[in-house]
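To start, the structure itself, in structure tokens.
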Amino acid sequence: MIPSAQHVRHDIDDHYVIDQIDELLADDNLEVNKDETETESFETVLEQEYTIKEVVGANLNPKLISIVNQLFVKVLSEEKLKEITEKYPKPANMNVNMPLVNKEIWSVVKTNTISTDLKSQKIQNKVVKTSYSLAELIAFLMELKKKAKYYPDDMSKAIRMAMDSMTMLAQANRELDQKRKDTLRPDLSYPSKLLCNPPNGDAENSVFLFGEELGKKVKEMKEANSVSQPSTPGSTSANKYRNNYNYRCQPYKRSTKGYSNNGRPFLSQGFRKTGQTRYQKSWKSGHIKDKNQTQTKS
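See below:
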């Protein structure tokens, strides 16, 4: 039987990789490999010129790169990850969070969609916590630069490299936000789907994925969309009369207050009734009540 990934001996791998990091920091003789200049043959030049390859930089310290390579393939235990992240709590003046789905949205999406978003939350939570440690590193380097009497340019370079890393991490986090919205979009009705569109400018800084005041946003988006859409041909007074006639011929139609045109909550597409047993319906309704308790908190 092939062992599953969940049964890997995390404790051995964790200590092995961490010990290598400690050994690297204790090594005072860190060497940087220098590229050897050799005369290249004509064939080598042609290969480099016409072969599409990934752009690479200079070789870095081999011990360091060996550790980095292992970190990207080995599975660290949740205990080890928690131990690392707890070293770097969120700075008091930093407004970066793993956004939770707004309650109005969370209560109407399907169970499979919830499961998918919870997995995305778990990934995004690690990205956000990484920004805390990186921010602390940048602040530490800035303090060192003030105290450093030698090589101030090198300190500036280190700070700039760390800031570049933060920039890339922030953009990855923003793309994760949009990916989660795209996952939720099919379960929402119009005009709530418009909330899932990418922002035209800067994203709203909020602890919720869709920001604050959803009702106000939906109303504004609906009004803006109705203004931008041209009137459909055939909207004559005769058609209006026909619509009014059809409405008058349905005196016992139930009230749709608080619902969309199809009689469902305005945020939800709703579930198909066909094929659902009484057990399935009660399970879904019971599951929806606890949805907000299952979201990850950063």
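Under the UniProt record's numbering, the residues of the sequence shown are numbered 1 to 298, in order.
The beta-carbon is built from N, C-alpha and C at its ideal position, and this holds for glycine as well.
Treat the numbers as computed from the prediction; the structure is a model and nothing was measured.
(1) Among E223, E213, Y190 and L184, which one has its Cα closest to the Cα of W106?
(2) Going along the chain, which unbroken runs of the alpha helix (DSSP H) with 4 or more residues stay wholly within the stretch 106-194?
(3) Applying the criterion that 16 or more other CB atoms from any shown protein chain within 10 Å of the CB defines a buried residue, is I52 buried or exposed?
(4) Can a CB atom of chain D be found closer than 8 Å to the CB of N69?
(5) In three-state terms, what does DSSP make of F208?
(6) In whole angstroms, what is the alpha-carbon distance linking K146 and S165?
(7) Using DSSP bridges, identify the partner residues of L100.
(8) What three-state label does DSSP hand D22 in the structure shown?
(9) For the ligand GTP, any of its heavy atoms closer than 7 Å to the Cβ of F208?
(10) CB-CB under 7 Å to V109, same chain, minus the five flanking residues each way: which ones, in chain order?
(11) Taking a contact to mean a Cβ-Cβ separation below 8 Å, would you say V218 touches L195 in this structure?
(12) If the criterion is Cβ atoms closer than 8 Å, does the pair R174 and D117 meet it?
(13) State the start and end residues of the unbroken alpha helix (DSSP H) segment that holds residue 387.
(14) So what's N225 in DSSP terms, helix, strand or just coil?
(15) Ends of the alpha helix (DSSP H) at N61?
(16) Drop a sphere of 10 angstroms on the beta-carbon of P191, count the other beta-carbons inside from all chains shown, and report buried for 16 or more, exposed for fewer.
(17) Can you name, in chain order, every residue of its own chain whose Cβ lies under 8 Å from the Cβ of T130, other than the five neighbours on each side?
(18) Can you tell me where the alpha helix (DSSP H) with E54 in it begins and where it stops?
(19) Hey, how far is the Cα of A58 from the Cα of Y132?
(20) So, is I114 buried or exposed, given that buried needs 16 or more other C-beta atoms within 10 angstroms?
(21) Identify which residue in F208, S189, E212 and M221 has its Cα closest to the Cα of N200.
(22) Apart from the five residues just before and just after Q124, which ones in its own chain have a Cβ nearer than 6 Å to its Cβ?
(23) For L209, count neighbouring Cβ atoms within 10 angstroms of its own Cβ and tell me buried if that reaches 16, exposed if not.
(24) Taking the alpha-carbon of D19 as reference, which of T44, E54, L46 and I67 has the nearest alpha-carbon?
Taking the definition as stated:
(1) Locating residue 106 in the sequence shown gives position 106, counting from the first residue. If we check each option's Cα against that of W106, L184 comes out closest.
(2) For the stretch 106-194, whole alpha helix (DSSP H) runs of length 4 or above, ordered along the chain, are 111-147 and 152-184.
(3) Start at 1 with the first residue of the sequence shown, and residue 52 comes out as number 52. I52 is exposed by the Cβ-count criterion.
(4) Protein chain content of the structure displayed is limited to a single chain, and chain D is not contained in it.
(5) Taking the first residue of the sequence shown as 1, we reach residue 208 at position 208. If DSSP states are grouped into helix, strand and coil, F208 belongs with the strands.
(6) In the sequence shown, residue 146 corresponds to position 146, counting from 1. In the sequence shown, residue 165 corresponds to position 165, counting from 1. So the two alpha carbons sit approximately 22 Å from each other.
(7) Mapped onto the sequence shown, residue 100 falls at position 100. For L100, which the question treats as bridged, DSSP gives the partners F208.
(8) Here residue 22 corresponds to residue number 22 of the sequence shown, with the count starting at 1. Here D22 sits in helix by DSSP.
(9) This structure lacks the ligand GTP, and indeed carries no ligand of any kind.
(10) Within the sequence shown, numbered from 1, the residue matching residue 109 stands at position 109. L184 and D187.
(11) The residue labelled residue 218 in the question sits at position 218 within the sequence shown. The residue labelled residue 195 in the question sits at position 195 within the sequence shown. Contact flag set, yes.
(12) Mapped onto the sequence shown, residue 174 falls at position 174. Mapped onto the sequence shown, residue 117 falls at position 117. It is not a contact, given that the beta carbons lie outside the stated cut-off.
(13) Because the chain here runs from 1 to 298, residue 387 falls outside it and cannot be looked at.
(14) Sequence index remark: in the sequence shown, residue 225 carries index 225 (1-based). DSSP, reduced to helix, strand and coil, places N225 within a helical segment of the structure shown.
(15) In the sequence shown, the residue the question calls residue 61 occupies position 61. N61 -> no alpha helix (DSSP H), and no H or E assigned at all.
(16) By 1-based counting over the sequence shown, the position of residue 191 is 191. Around the CB of P191, 16 or more other CB atoms lie within 10 Å, so the residue is classed as buried.
(17) Taking the sequence shown and counting its residues from 1, the one referred to as residue 130 is at position 130. Answer for T130: L169, listed in chain order.
(18) Numbered from its first residue, the sequence shown carries residue 54 at position 54. From DSSP, E54 is part of no alpha helix (DSSP H); its letter is neither H nor E.
(19) By 1-based counting over the sequence shown, the position of residue 58 is 58. By 1-based counting over the sequence shown, the position of residue 132 is 132. When rounded, the distance between both Cα atoms is 29 Å.
(20) One-based indexing of the sequence shown puts residue 114 at position 114. In this structure I114 is buried. Its beta-carbon is surrounded by 16 or more other beta-carbon atoms within 10 angstroms.
(21) For the purposes of this step, residue 200 is taken as the residue at position 200 of the sequence shown. Among F208, S189, E212 and M221, the Cα nearest to that of N200 belongs to M221.
(22) Start at 1 with the first residue of the sequence shown, and residue 124 comes out as number 124. Here the set comprises M98 and L176.
(23) What you label residue 209 is simply residue 209 of the sequence shown in a count that begins at 1. It is buried - the Cβ of L209 has at least 16 other Cβ atoms within 10 Å.
(24) Mapped onto the sequence shown, residue 19 falls at position 19. Looking only at T44, E54, L46 and I67, the smallest Cα-Cα distance to D19 is reached by I67.
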